[in-house]
Every structure is written in structure tokens, then in C-alpha cells.
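**Student:**
Residue numbers (the working numbering), protein chains in the order written: chain W, 8 to 444; chain S, 8 to 444; chain P, 8 to 444; chain L, 8 to 444.
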């Protein structure tokens with residue numbers, strides 16, 4: 008198999024403008040267009056996820072493979088990994104994306120021993136390194152898969168068996184080494200099975216302490232090797248476990264404070280994980296900015312009516328516009344990016360479906376970005392918010408907040424007050440947003 | 008109306024043993040029975056909630072009053088409040104409970120001005136004080152209702168209008184003063200409308216800072232007046248707002264760390280709020296103990312298939328047994344108690360329904376407590392957990408956790424490991440629990 | 008109070024085109040524009056709901072009135088009802104909507120007796136009749152509120168007490184009489200409390216039979232008085248009860264078949280009720296068309312992350328486009344319309360908020376309608392679907408479906424088949440929809 | 008591998024009474040004890056599910072095999088199937104259960120062609136037939152897996168490709184033939200992928216008609232071959248598809264009416280599917296009895312806080328008691344039984360975990376059955392319900408229900424009524440249930 012035989016096309020997808028009807032052309036994603044002072048490509052920083060696009064065979068709990076990818080069937084795992092890499096880099100080129108992201112086991116086969124696994128990862132890292140010399144694509148982040156192998160069935164860092172903890176340390180070292188070597192902008196930790204299936208057999212406090220130590224060691228090591236990007240934790244509330252310790256942004260924020268990790272660890276926030284936790288994507292992003300731990304985004308969408316991670320391609324312009332509005336307001340991405348942690352449906356078995364899905368979602372994001380820019384320029388949302396809280400700009404209000412007044416003093420003043428409620432104007436604001444999307 | 012005319016019975020509900028068929032007798036709640044070194048009454052510390060039992064008329068969003076309580080209809084609000092108090096203290100006596108709890112507006116009518124409201128509260132506090140001289144019942148906690156009046160429609164401490172913030176300060180001062188005067192064991196803050204309806208009009212960061220300041224002032228004041236009990240925050244994820252800032256235990260823990268409130272603020276955890284946040288009651292209680300912020304419990308139950316706070320009386324012995332197992336393991340309640348934040352269904356319109364509901368739920372709790380005691384004595388659950396984590400007791404494992412080994416050292420050691428998974432034995436443990444309940 | 012003093016403006020809201028920034032102008036709702044052969048106004052058939060806009064005071068389970076409408080405070084209920092009607096008809100005029108809808112108790116106060124309630128309703132019907140002589144607005148539907156009064160706390164038609172059943176019959180007769188007199192296009196039954204709080208006290212089979220009889224009598228009566236519109240049942244899964252018998256479209260379809268009501272009863276489908284039942288709005292509408300029981304729509308939106316009926320104004324253009332796509336494909340509304348079963352948020356306390364909310368949502372619907380028209384004209388979705396099922400157009404396929412082949416014959420033929428799956432092209436179709444909205 | 012080498016024990020699990028602490032002894036399941044006129048074994052009719060216990064390797068969407076069963080690894084699929092059968096029948100013997108159930112592909116490997124698959128199934132059916140000559144175990148039901156193979160990714164009967172429909176017919180014929188030959192008491196159809204992933208590519212009406220035809224053919228064939236048991240449809244709302252056409256009991260009832268299948272098709276109801284649809288297990292069972300379509304039960308439990316099918320072993324005595332109360336009230340099972348559609352957790356990797364899980368759940372069911380019997384004998388729940396609806400026993404009430412009075416007549420009578428609500432006594436009834444469990 009040559010890479011060219013997998014996808015029909017050989018020329019990268021190009022911008023054609025809003026009137027295009029070609030599902031393999033961009034209608035809004037115009038990479039060099041300036042948005043809030045940066046090229047659109049540099050604002051959106053799209054990344055392709057290796058796992059969903061190249062490693063998942065289309066299975067679900069009720070059925071197996073549907074995609075029948077040629078690189079998934081053969082006798083030599085390393086050779087298959089090389090073929091997979093060919094297709095992957097070809098797709099990065101066709102989509103003209105600036106980034107990709109991977110888990111260790113996505114790119115290289117696990118060996119019989121930890122050493123073999125590390126060797127396999129190095130062999131593939133060599134290949135990636137060579138490919139990246141000529142390719143545009145950079146590494147947004149790498150990570151270690153500490154949840155698929157049966158040894159991790161009861162967690163990795165939080166495992167009741169200290170040998171599993173140690174094994175996970177060994178694996179994560181190799182993964183951050185590979186990430187560092189490939190110039191990765193961030194290193195991500197997704198909790199996998201760091202959680203529990205039942206409290207009946209779980210010592211939660213002990214497990215949290217194990218996880219705190221694990222992260223602290225990783226931070227130390229990052230500094231030691233001079234890895235300049237942040238460590239990112241990716242919150243998820245449940246699935247595969249009944250409860251994941253990195254439940255949502257607030258929970259991880261509590262964890263980072265408790266284990267003194269705020270300086271080095273930020274968040275990678277995913278839409279589908281947000282809604283599984285009962286929050287909007289926008290909420291999680293706003294809370295991360297408010298607490299200073301925003302890092303990167305996994306862009307996808309869940310189905311509000313389903314209770315599991317569907318990881319569909321994001322297509323909702325309004326949702327993206329509100330998230331980007333917050334992001335642009337805060338200066339945009341630093342090391343982070345928009346990683347497509349999204350998989351085509353298991354019925355989307357044509358090779359072109361992979362391209363089409365990315366193109367359609369990149370366009371939805373681009374529209375959202377343009378809408379966010381316009382809203383910010385018009386102060387469409389920021390203006391009304393400033394006006395709503397204007398009372399707090401008064402000196403006596405500031406004094407209350409600054410701790411310059413005691414409870415008794417404020418209570419005494421309150422005896423002469425009769426504050427009247429003011430309209431929240433929600434529907435007017437919703438109508439305004441609809442003007443931009 | 009005399010109090011004796013509301014309830015048919017005049018003698019307190021008594022323990023009759025498991026074979027009783029009288030819905031107004033205790034089958035398991037035997038207050039003087041010793042459980043883990045305390046009287047059952049002192050372990051469970053039951054409290055009746057003033058609001059659900061005496062202030063709620065039976066309405067819901069689709070219909071009005073069903074109960075037609077005599078103390079809810081009349082021209083003189085203070086006189087009605089006095090009548091209500093008669094019935095309330097009569098019920099405390101009939102149920103023989105050691106505690107009750109209230110919001111300011113449950114017990115005293117709001118006035119036209121803040122001063123009038125404060126005066127009304129004082130008038131009722133006088134009455135309570137006199138009644139408590141001869142009654143057994145003590146005050147578990149008091150609180151201020153900062154969410155029902157329209158002035159609080161956009162929050163109290165988190166309101167965009169600083170005058171509302173100040174007004175709330177005035178109200179909360181009066182409420183903690185009353186609580187202190189009545190010997191309250193705790194003071195509770197439930198978030199009410201501290202949250203948002205839409206992010207479109209909300210500055211989340213600013214509002215969180217307001218809330219942090221509010222709590223800090225309350226803590227200062229508590230110390231100043233010598234109120235020895237803790238301030239308790241009661242987490243709730245949503246309802247009435249779309250998002251409440253005190254979402255769950257982890258979120259409040261993050262908040263307490265951020266605003267340096269850990270020393271003085273603990274949690275009041277409710278079953279129904281737990282499940283609305285996607286957690287089991289047991290999870291929330293365990294996390295509170297693990298982080299050192301456990302305070303008290305609002306005992307009720309939600310309906311797992313409904314998405315709002317149903318506040319039903321707790322009837323599930325197994326759920327209570329697992330919560331009490333955790334609590335007893337940690338030494339039981341300190342200042343906290345089991346407050347019935349539970350309301351009879353709006354179709355339960357007979358006066359006796361109020362008594363029957365409390366009796367049935369107190370019995371379910373008592374059974375749960377006895378089961379928890381037995382499990383602890385047998386080490387039915389604690390034994391298997393200790394065995395499961397025994398590997399961490401080894402010196403080299405402890406060294407890893409204590410930060411005495413670097414990531415590289417552990418990774419190096421890991422090269423010789425091949426850890427094998429061990430059964431989690433979930434079904435066996437579930438079967439064991441079923442032996443006790 | 009004169010009606011003109013409630014709203015600031017006196018001139019109806021007008022179409023100004025997409026560039027307008029006035030929240031009180033239409034940007035897309037251009038009533039005379041032709042869409043699929045009808046005027047836009049005749050396709051959309053907007054209706055204002057009396058209850059949310061004029062009867063709800065802004066309360067929720069945690070707080071009371073916020074709106075302080077002048078017609079809600081006064082000594083004479085009938086006089087207040089008249090004032091309310093003034094404002095309502097003024098709003099119909101300002102919004103230039105063709106329809107409104109009401110419950111009996113929205114428009115007229117309940118009396119001490121059934122006869123008084125009927126008399127009050129007649130008095131208001133007189134007023135409405137006179138107003139409608141000169142107004143443009145028509146009645147989309149009327150209904151009886153059989154759930155707010157405490158007599159209905161255990162249901163109306165499904166009440167364990169036959170006297171309540173009879174009382175409900177009396178009330179519903181008066182309501183359909185009023186609807187008929189005012190030229191109502193439909194008569195609606197929403198299940199209210201036809202359901203249960205607990206199965207422990209419920210005979211479900213008996214209650215379903217009661218409900219079947221109730222509906223059959225209503226159908227008979229409708230024919231007798233010559234009411235030509237359909238009876239519409241409005242499905243809702245839960246709230247206020249734990250389980251409502253009219254759970255969703257499929258459940259009502261089962262009920263209509265069982266009680267032989269298919270000829271006369273259709274459905275009024277609501278977005279918020281759909282998602283509470285775990286379905287998309289589009290699903291419910293498609294199923295209603297597939298089973299021949301589509302009638303009308305309650306247009307609003309729920310919050311996917313909240314578990315109760317939020318009844319917000321619909322603002323999602325894509326969702327409406329897909330619903331209208333199905334509707335237009337099936338010829339559009341017959342007697343039905345788009346009733347705004349939506350309420351402004353309780354913080355939207357300005358009179359203008361009422362107008363702004365309707366205008367913004369009417370515009371979102373109009374955009375959806377135009378997108379649906381364009382998709383149909385381009386066969387953007389219908390084309391791919393026809394192609395996908397084209398195999399069933401072959402004679403031998405039709406024979407299978409027509410029952411002309413036995414299982415054995417088909418099984419025998421299958422021995423020579425090896426069917427290959429074809430891509431479902433979901434992401435491509437999602438991208439196509441994004442081109443239109 | 009001999010079967011004896013998989014499980015440690017060789018003697019069947021026996022009844023030891025409530026005080027036993029052996030997780031491999033029955034504490035309540037005393038098979039010969041009489042319950043409501045039948046042996047407990049004949050009331051409960053337990054069945055082991057082949058798929059979860061012997062075919063599932065312990066994988067989930069985030070990780071692979073954990074169990075490492077010896078019969079899952081080898082070169083010869085038929086030989087592996089034979090080994091699996093050895094272990095299965097050994098487990099049936101050890102658990103002393105009267106029934107088992109299977110899908111075709113659970114027991115026999117799929118071939119390259121339909122004919123090969125049929126041949127494989129026949130080969131295994133031969134083996135089962137021989138084993139059943141000497142074993143106690145009977146076949147509760149068989150079924151065909153029409154969802155795992157990629158050919159069924161877009162459904163079987165509802166596939167857009169008529170060749171897939173035909174292939175499914177071929178497979179289902181072989182499965183019912185095998186079921187018939189083995190004396191199966193029922194034949195089950197679970198909807199698998201009969202549903203949709205997105206409405207954008209789906210013609211729902213057409214697909215429902217396909218499904219109706221499919222079922223009608225199956226019914227015809229069942230009669231033709233003299234299969235005396237019912238066809239059972241197993242409702243499930245979602246997963247693997249976004250929407251399954253057999254959503255819940257009410258939806259299937261609508262389907263059976265529409266396609267005239269009521270005489271031959273009943274339901275197989277599962278707890279976990281019930282709660283995913285937003286219903287309690289008890290609700291679904293009651294509705295099935297009320298509509299005359301109750302057939303059999305898949306006994307397991309879901310996690311109320313998770314949104315997917317966890318298929319855990321049922322351990323809640325109260326839930327089972329209420330379901331059995333309804334079942335016993337209606338005379339108990341006819342052809343149906345209690346099939347353990349439950350899987351041990353993927354961390355329960357010891358062979359004994361398989362036995363322990365079944366034993367613990369059989370005991371929970373047995374306790375529930377005994378509680379149900381006691382409640383029925385005492386009329387603990389049926390008595391209060393009869394009293395609650397007693398008003399409907401009066402002649403004039405019956406006349407209303409029988410259609411002997413018109414709406415006008417009842418409305419006229421209602422003018423003299425003033426019905427007063429009566430307490431629903433929910434908490435009292437909950438307390439009563441707690442006396443029995």
C-alpha cells in the first residue's frame with residue numbers, strides 16, 4: 008500500500024469561499040486571513056488526533072471493526088505502524104493542518120516487555136522525526152495510554168498495586184521523552200482509569216495521594232529535561248470508570264491546589280467531557296480562564312441525549328463562537344490548540360469520510376472564530392456585561408470587595424438600602440448572538 | 008388553633024421493635040441503644056427542617072397549595088408565625104428529635120424593610136428561646152434565605168448590584184446572630200441563586216471573587232462574636248439556577264482553597280444534590296472526609312430518574328448504611344447531624360403524614376446505622392480494602408509516595424516489572440453488603 | 008392602567024431585513040414572503056401563549072414573583088382578567104401574530120363552584136369575541152387546566168375519585184365550548200397530572216382505561232357540537248408527575264390505537280418535552296408524520312443539561328430548520344401552528360423583554376424555514392436519502408416487503424448473498440446542513 | 008483444558024440458610040421451598056446468559072480483554088466453541104439453574120458464508136442436544152445476533168440495503184430452527200441496530216415498515232414449524248444506536264398494534280434498558296401486564312448515574328420485590344424466566360467471580376420473591392390500592408367508564424360536586440415496603 012492509494016486525492020484541500028459546494032473545499036477556513044491580529048491558522052491551531060483517525064477500527068461495545076483499514080491487518084506490528092504513519096502524514100498534508108497529537112500506543116505497538124514497548128516507540132519516533140523535517144505539521148502534544156492494557160484495569164497512578172504505578176511511570180517517561188524529542192508543544196495526561204468502578208473496594212484518599220505524587224514527579228522530570236510546554240490534565244467525569252478523579256475543571260483545580268501543581272499544570276478541555284459532567288463547553292473554558300489554568304482544547308461534540316462519549320466532529324457554529332469569544336478575549340491560545348478528538352461514525356467507512364469530516368468541522372470552527380471576532384469588535388456581549396456590573400466600579404463597592412469593610416459595617420449600611428432588581432436581558436442577548444452566527 | 012388540634016396524637020412516638028406494624032412507632036430507632044460507643048440518638052443527631060415541614064404549602068411549578076395549613080392563612084404574619092412555631096415545637100416533641108434547623112424567613116415574616124425583617128426575626132427568636140428552655144430540642148443550624156425574594160433573583164453575594172450584596176450581608180448578620188443566640192451548633196450557607204442563568208450576561212470570575220469575600224467576612228464575624236460552630240456550605244449543582252457555584256464537594260473544596268477558607272468552612276452534604284451532580288451520596292461523603300471538610304448531612308433522597316430536587320424522605324437502608332459506614336469509620340459527627348431536608352409529597356395532605364414520613368425515614372436510617380456498625384465490627388469492607396492496597400505498605404512503595412525516588416529511578420526499576428492484574432471482587436463485596444442490610 | 012402604558016411602543020414590530028440591529032425589528036420574518044407556495048405567515052402560523060406571557064408571575068420552586076405585573080394585583084379577579092386581556096391583545100397586535108392560545112384559568116378566574124368558573128369563562132369569552140371582531144389574531148387552540156387546583160393533585164381523568172373525573176368533564180366541556188365559540192382551530196389536552204407520583208398507590212391499568220374513556224367522550228362531544236378541528240394530545244414524559252401517561256409520541260400513538268382514537272386525535276409536540284423524553288424534537292415530529300398523527304407544535308427550547316421544563320424561547324436555527332424540513336416535505340401545517348409555549352426568564356422583568364423574546368425567536372424560526380425551503384429545493388437531504396434506499400425500489404425487494412415471499416424463500420435466496428456495507432456519510436450530510444443555516 | 012480445570016469446585020452451590028457466610032452458598036434461594044403455590048425454582052426460572060459469561064472477554068471502549076479465558080485463544084474456532092460449551096454446561100450444573108439463553112454467534116463461530124455459519128450453528132446445536140440429554144438445564148430462549156457483524160452496521164431488518172434484510176432473514180431462520188430443536192421456551196428479538204445514528208440519512212417510516220414485515224414473517228414461520236413459545240421483543244432506548252426503534256414497552260406496544268402482532272409477540276424486559284429509557288423496572292413490567300404483552304425478564308441492573316448499559320448483577324432486594332409483587336399478582340411466569348443478562352465487572356477476572364456474582368444475585372432475587380409473597384399475603388399494598396379506588400366500584404361510576412353516559416350528562420352532574428382531595432399516603436406505603444425487605 009502506498010499512501011496515495013488510500014485517499015483518492017493528492018492535492019491539499021483549499022479555501023474556495025462560502026459558495027463552494029465541494030465537501031472537500033473550505034468555505035470559511037482561510038488560513039492566512041487575519042483574525043484579531045493573527046493568521047486564522049495561528050488562532051485555531053488545528054490538530055489531528057492519531058487515535059480516532061488511524062487506530063480505531065470502527066468498533067463499539069456491540070460490534071467490531073467496520074473500517075477494514077489496510078494498516079490494521081498484517082503479521083508485523085512495526086511494519087503496520089509504519090504504513091499507518093504514511094497515511095497519517097499524508098492526511099496531515101491533505102488537510103494542511105499545523106498540528107497532530109498521539110498516544111504512545113497509537114503510533115507504536117506494545118511489546119512483550121516495557122523495554123520492547125519503549126524501543127518500538129523510539130523506532131517510530133525516528134520515523135516521525137524524519138517525516139517532520141519535510142512536513143509542515145508539528146506536534147501539539149503527546150501522551151501515554153495508561154488505560155487500555157489489562158494491567159491498568161484498576162488504574163495506573165491510582166492502582167492498588169505499586170508495581171503498576173511504577174510501570175506507568177516507566178511508560179510515561181518514554182512518552183514525554185518522545186514528545187520532547189519531536190518538539191511537542193504540550194504533554195497531556197488524560198485520566199483513563201484513574202477513578203473507580205465501585206467505592207466498595209476503593210480507598211479514595213490514598214488513590215488521590217498517589218495521583219498527586221505521580222503528577223509532581225512528572226512536573227519535576229519535565230523541568231529536568233527542559234521540556235518547556237505545560238503538562239495538561241484532561242478532565243472527564245466518567246467512562247470508562249464510574250467516577251474519574253479528573254471529573255471536571257473545578258475538580259482538577261481543587262486537585263492542582265491540593266498538590267501544589269498550579270504553576271506547571273494546565274487543562275486540556277473537551278466539549279464531550281464537559282457535557283457528560285453536566286456543564287456547557289463554554290462554562291468549562293470560562294472557569295479555566297477564571298482560575299488561570301486554561302491550556303488547550305479537544306474539539307468535538309457529544310450528543311446531549313446520550314450518556315457516553317460519542318466524540319463526534321464539532322459542527323455547531325454558535326457553540327464554537329462562544330468558546331472562541333472567551334478565548335480571544337483572553338488573548339487566544341498560548342501553547343494549546345484545537346485538537347480533533349473526534350471520530351467519524353463507524354458507518355462512515357469511505358476513506359474520504361475522514362477528510363470530509365475534518366473539513367466540515369474546520370469550517371464550522373472558522374465560522375465560529377469569525378463570529379467571535381465580530382462580537383468582540385462590536386462589544387456585542389462584553390459591552391452589556393460591563394454595564395451590568397458597573398455598580399462594582401464605585402469606590403465604596405470596591406472597598407467591600409477589597410476587605411476594607413467589616414460585615415457589621417456593611418450590614419449597618421444595608422439598613423438604608425432597598426435594591427431593585429434589573430432585567431437580565433437574556434433573550435435580547437440570545438438574539439444578538441444569533442445576529443453573528 | 009391550638010397545637011394539640013393539629014396532630015391527633017399527644018404522646019411521643021416510641022420504639023416498639025422490628026415486629027411493630029404501627030406506622031407511628033419506631034421499629035429500629037432505639038435512641039438509647041449503644042452504637043459504636045454512643046447512644047443511637049447521639050450518633051444520628053436527627054434534625055427536623057422547618058421549611059419543608061411548616062413553610063411549604065404543597066405547591067409545585069404546575070399547581071398551588073394542597074396542604075391548607077391553618078397557620079398559612081390569616082391577616083397577621085407575626086401571629087401566623089407564632090402559631091407555626093407552636094405546631095413545630097409540638098412535632099419536635101412528638102418525634103422526640105434532638106435538633107431542628109431553619110432559614111430566617113421560615114420562622115419570621117419578611118418586613119417592608121431590612122430593619123423590620125430583623126425585628127421580626129428577633130421577635131420569633133425570643134419565642135424560640137423561651138420554648139427551648141423547656142424543650143429537649145436544640146438548634147442544629149440556622150441560615151438566611153437569600154434566594155426567594157425578587158431582589159435576589161440574580162444572586163445575593165454574586166449579584167451584579169453591590170447594593171444587593173450589602174443587603175445580603177445585613178440579612179446574614181441577623182441570621183447568624185439569631186443562630187448564635189439560640190445555641191446553634193453550625194451556621195449553613197446554601198448557594199441559592201449564587202450561580203447563573205446564562206453565561207451571556209455573567210462575569211464568572213468577578214462573581215466568584217464576590218462570593219469569596221462574602222464568605223471571608225462571615226468567617227471573620229463568626230470569630231468576632233464567638234460562634235464556635237463551623238460555617239457549612241451546602242453544595243448543589245443546579246436548580247434554581249442553571250449552574251450553582253457550589254456545584255459539588257470537589258468544586259467547593261476548590262473554592263475553599265482558593266479563598267483560604269479551609270480552616271473555618273466545612274460542608275453540609277445532601278443526597279439529592281449529590282445525585283443531581285452525577286455522584287452518589289457515598290462519594291460526596293467520602294470525598295469530604297478525604298479532604299477534611301466533612302461537616303453535616305442533609306438527609307433525603309432524590310429520584311434517580313428525575314432531573315430536579317425531589318427532596319423525598321430517605322428510605323434506602325443500603326445507601327444509608329454505606330454513608331454511615333464511612334462516617335463511623337471517621338468517628339461520627341462532630342457538630343453536624345442528620346437534618347431532614349425532606350418534604351412529604353404534595354399529595355400527603357394529612358397531618359399524620361408529616362409524622363409518618365419522619366418515623367419511617369428515621370427507622371431506615373437507624374437500620375442503616377446498625378448495619379454500618381456490624382460491617383465495621385466484622386471488618387467486612389475495611390478488611391478487603393486493606394488487603395487490596397497492602398503492597399503500598401512495603402518500604403520501597405512508601406518511598407515512591409514520599410517523594411524519595413525520582414521519576415527516572417522508578418522508571419528504571421519498572422523495566423524489570425510485569426505486574427499482573429488482580430480481581431476487584433466487586434460482586435463478592437456487593438453480596439457481603441447484602442448480608443448486612 | 009391602560010394597555011398602552013404597559014408597552015412603550017404602539018406600532019407593530021416590522022420587518023427590516025438581516026442588517027437591522029434593532030431588537031424590536033424582524034430581520035428574517037417577512038410575513039408576506041412566499042415560502043413553498045404560501046405566505047411565510049401562513050407557513051409558520053405563530054401563536055402567543057397566554058399563560059407564560061400574561062399569567063406566570065416569574066416564580067419558581069425557590070422564589071416568588073419577579074414580574075410584578077399590574078394585572079396580577081387587585082381585589083376583583085374579573086376586573087384583573089379584563090386588564091390582562093387588554094395587555095394580551097395589545098401584544099398580539101404589536102407582534103402582528105396570527106394566533107394565540109389559552110387555558111381556561113389563564114383567561115378567567117376560577118370561582119367557588121364549577122358553575123361560577125364556567126360563568127367567569129363565559130364573561131371573558133364575550134370580551135375575547137368582541138376584541139376578535141376587530142383584531143387580526145385568531146385562536147389556535149384552547150384547553151382546560153386540569154392540574155393546578157388541588158382537587159386535581161392526583162390527576163383529573165385518571166383520579167382515583169370518580170367525582171374528580173366528573174368535575175374534570177364539566178370543566179373540559181366549558182373549555183371546548185369556549186374554544187368552539189371563538190373559532191379555535193384545535194382543542195388541546197395536555198396531560199397535566201395524568202400520571203403517577205409512585206406506583207405504590209397506583210393502579211395503572213385502571214387509570215389508562217379512565218383516560219381512554221375521557222378522550223372518547225371528548226371526541227364524541229366535539230362531533231356533536233360540530234367542532235371541526237382535531238383534538239390534540241401534548242406528550243410530556245415527566246413533571247409535574249414522576250411519570251406522565253402521555254410520555255412521548257410513541258406512547259400516545261400506542262394509547263390512541265388501544266382506545267380507537269386515531270381518527271380524531273392528533274399531537275401537539277413540544278421541543279422541551281421531547282428532550283425530557285430522551286428524543287430530539289426532529290425525532291418526535293418525524294415519528295408523528297410517519298404514524299399520521301402530526302397536528303401542531305409548541306415551539307420552545309429546553310436546556311439539554313437541565314432535567315426540567317425550562318420553556319425557553321427557541322433560538323436554534325438549525326434545529327428549527329430540520330423540523331420545518333420535515334414539515335414542509337409533508338405539506339406544512341393543516342390546522343396546527345407554532346405556539347410559543349415559552350416563557351421569558353424570571354430575570355427578564357422589563358415589559359420590552361416580552362416583545363424582544365418573541366421577536367428574536369420568530370426570527371430564528373423564519374431563518375429555519377428559509378433554510379428548510381432551500382434544502383428541499385436543492386434536494387440537499389432528500390436526494391441522498393432516496394439514493395440510500397434505492398435498492399428497495401427493485402421489484403424483488405418490493406415483493407419481500409409486500410408479504411409476497413415467505414421467510415423460507417428469502418432465507419434460501421440469502422444463501423447466495425454477501426452484502427457489503429455502504430458509508431452512511433453522516434459528516435458529509437452535517438456539513439451540507441451547515442451550508443444552509 | 009477440561010471443564011473441571013476452569014472452576015475450582017465440582018459440587019453444585021447449595022442452600023445453607025441466611026446465616027451462611029460462604030459467598031458460594033445460597034442464603035435465601037431454596038429451590039424447593041413453596042412460594043405462592045410453586046417451587047421457588049419454578050417461580051424464578053433463572054437462566055444464565057451465554058454471551059456475558061462465556062463470550063465477552065472483558066473489553067470496553069477504552070481497553071481490551073481482561074479475562075483471558077482459555078477458550079478464547081486458539082486456531083480452530085469450532086474447537087474453541089466446543090471448549091466453551093464444556094465450561095458453560097459445567098457452570099449451569101454448578102449453579103443448578105434450570106435455564107440458559109444464547110445468541111447464535113455466542114455459541115458457534117460465524118463462517119465465511121451464511122451457509123457456513125448455519126452449518127457451524129448446527130454442529131454446536133448437536134453438541135448442546137447431546138449435553139441436554141443428561142443435564143438439568145433447559146433453553147429459556149435463543150436469538151440471532153444481527154448487530155455485531157459489520158454488514159449490519161446500518162441495521163438488519165431496517166437496513167437501507169434489501170440484501171442485508173434478506174441475509175438477516177436467513178440468519179434468523181437458522182437461529183429459530185436451532186432454538187426449536189433444543190426445545191426453547193421462547194424466541195427473542197433484541198433490536199440491536201434497528202434504529203438510527205442520524206436522522207439526516209434515515210427514512211424512519213420506511214424502516215419501521217421493514218421491521219413490521221420482518222416480524223410478521225417470523226411469526227408466520229414460527230407457526231409453520233410448530234414453535235409454541237412466543238416471540239419476544241426486548242425494548243431498549245438507545246445504544247448502540249442513537250435511537251432504537253424498540254425504545255421501551257410503550258413504543259413496542261404501539262409497534263405491535265400497528266403491525267398486528269399482538270397475538271404472537273410479547274416482551275422481554277430488562278432493568279437496565281428500562282432506566283436508560285427513563286422508567287423504573289417496575290413501571291415497564293406493570294405496563295406490560297396492563298397491556299397484556301408481558302413475556303420474560305432480563306434481570307440485571309444499570310447504574311442510575313451512568314448513561315450506558317452496565318449490565319451489572321441485580322443486587323437490590325427492594326426493586327426485585329416490587330417487580331415480583333406485580334408478577335406474582337398476575338400469576339407468575341408463563342413461558343418466561345429470569346435471564347441473567349448481566350456481566351461481571353471487567354476487573355472480576357477470577358473464575359470464581361462468575362459463580363459468586365450469580366449466587367449473590369440469585370439470593371437477592373430470592374429475598375425479593377419472599378418479600379413479594381409476604382406483601383401479597385398481607386395485602387400490604389393491594390389492600391390500600393383497592394381502598395383508594397373504591398369509589399369507582401359504585402354503579403354510577405361504572406356507568407361513566409362503560410360509556411353509558413355522555414359528556415354533557417356527566418358535566419351536568421358535576422355542577423353539584425365539590426370533590427375533596429385525599430392523601431396519597433406515599434411515605435406510609437414506603438415505610439410498609441421497608442417492613443418486608
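C-beta: ideal position from N, C-alpha, C; glycine also. Quick caveat: nothing in here was measured; it's all calculated off a predicted structure.
Report the partner residues of residue 108 (chain L) according to the DSSP bridge assignment.
**Tutor:** L:56, L:148
**Student:** Using 8 Å as the Cβ pair cut-off and three pairs as the minimum, do the segment 165-178 of chain L and the segment 207-222 of chain L touch?
**Tutor:** With a cut-off of 8 Å on Cβ pairs, the segment 165-178 of chain L is in contact with the segment 207-222 of chain L, counting three or more such pairs.
**Student:** Over the uninterrupted alpha helix (DSSP H) stretch that includes residue 344 (chain L), give me the two end residues.
**Tutor:** Residue 344 (chain L) -> no alpha helix (DSSP H), and no H or E assigned at all.
**Student:** Do residue 256 (chain S) and residue 4 (chain S) count as a contact pair if the criterion is CB distance below 8 Å?
**Tutor:** With chain S represented from 8 up to 444, any question about residue 4 (chain S) goes unanswered, as that position is not in the structure.
**Student:** Starting from residue 211 (chain W), find everything on chain S with Cβ-Cβ shorter than 7 Å and list it in chain order.
**Tutor:** 293, 294, 297
**Student:** So what's residue 202 (chain L) in DSSP terms, helix, strand or just coil?
**Tutor:** strand
**Student:** For residue 119 (chain W) and chain L, any beta-carbon pair shorter than 8 Å?
**Tutor:** Any Cβ of chain L closer than 8 Å to the Cβ of residue 119 (chain W) would place that residue at the interface, and such an atom is absent.
**Student:** Measuring alpha carbon to alpha carbon, tell me which residue in W:402, W:102, W:437 is nearest residue 142 (chain W).
**Tutor:** W:102
**Student:** Indicate whether the contact test is met: 3 or more Cβ pairs, each with one atom in the segment 422-433 of chain W and one in the segment 346-358 of chain P, closer than 8 Å.
**Tutor:** The segment 422-433 of chain W, when compared against the segment 346-358 of chain P, does touch it at the 8 Å Cβ threshold.
**Student:** Using beta-carbon positions only, say whether residue 65 (chain S) and residue 356 (chain S) come within less than 8 Å of one another.
**Tutor:** With contacts defined as CB atoms closer than 8 Å, residue 65 (chain S) and residue 356 (chain S) qualify as a contacting pair.
**Student:** Tell me the rounded alpha-carbon separation between residue 308 (chain L) and residue 320 (chain L).
**Tutor:** 6 Å
**Student:** Taking the CB atoms as reference points, tell me whether residue 233 (chain W) and residue 194 (chain W) lie closer together than 8 Å.
**Tutor:** no
**Student:** Could you please tell me which residues of the segment 58-92 of chain S, in chain order, have their CB closer than 7 Å to any CB of chain P?
**Tutor:** 67, 68, 69, 70, 71, 72, 73
**Student:** Does chain S have any CB closer than 8 Å to the CB of residue 276 (chain L)?
**Tutor:** no
**Student:** So residue 335 (chain W) and residue 43 (chain W) are supposed to be a Cβ contact under 8 Å. How far apart are they, rounded?
**Tutor:** Going by Cβ atoms, the distance from residue 335 (chain W) to residue 43 (chain W) rounds to 5 Å, so yes, they are a contact pair.
**Student:** Smallest Cα separation from residue 50 (chain S): which of S:211, S:187, S:191, S:338?
**Tutor:** S:338
**Student:** Buried or exposed, going by whether 16 or more other CB atoms sit within 10 Å of the CB of residue 8 (chain P)?
**Tutor:** Since pLDDT at residue 8 (chain P) reaches only 42, below the 50 mark, its modelled position is unreliable, and the value read off the structure follows with that caveat. The residue in question, residue 8 (chain P), is exposed, as its Cβ has fewer than 16 Cβ neighbours within 10 Å.
**Student:** What are the residues of the segment 349-363 of chain W that lie near chain L, defined by any Cβ-Cβ distance shorter than 9 Å?
**Tutor:** 352, 353, 354, 356
**Student:** Taking Cβ positions only, does residue 242 (chain L) come closer than 8 Å to chain S?
**Tutor:** Under the 8 Å criterion on CB atoms, residue 242 (chain L) is classed as non-interfacial with respect to chain S.
**Student:** Residue 310 (chain W) touches chain L at which residues, Cβ-Cβ below 7 Å?
**Tutor:** 249
**Student:** Any idea which residues DSSP pairs residue 430 (chain S) with across the strands?
**Tutor:** Answer is none; residue 430 (chain S) lacks a bridge partner.
**Student:** If contact means a Cβ-Cβ distance below 9 Å, which residues of the segment 419-442 of chain W contact chain P?
**Tutor:** 428, 429, 430, 431, 432, 433, 434, 435, 437, 438, 439, 440, 441, 442
**Student:** Quick check: the Cα distance between residue 165 (chain S) and residue 212 (chain S), rounded to an integer number of angstroms?
**Tutor:** 10 Å
**Student:** Report the residue from S:109, S:156, S:53 whose alpha carbon sits nearest the alpha carbon of residue 131 (chain S).
**Tutor:** S:109
**Student:** To the nearest angstrom, how far is it from the Cα of residue 16 (chain S) to the Cα of residue 260 (chain P)?
**Tutor:** 50 Å
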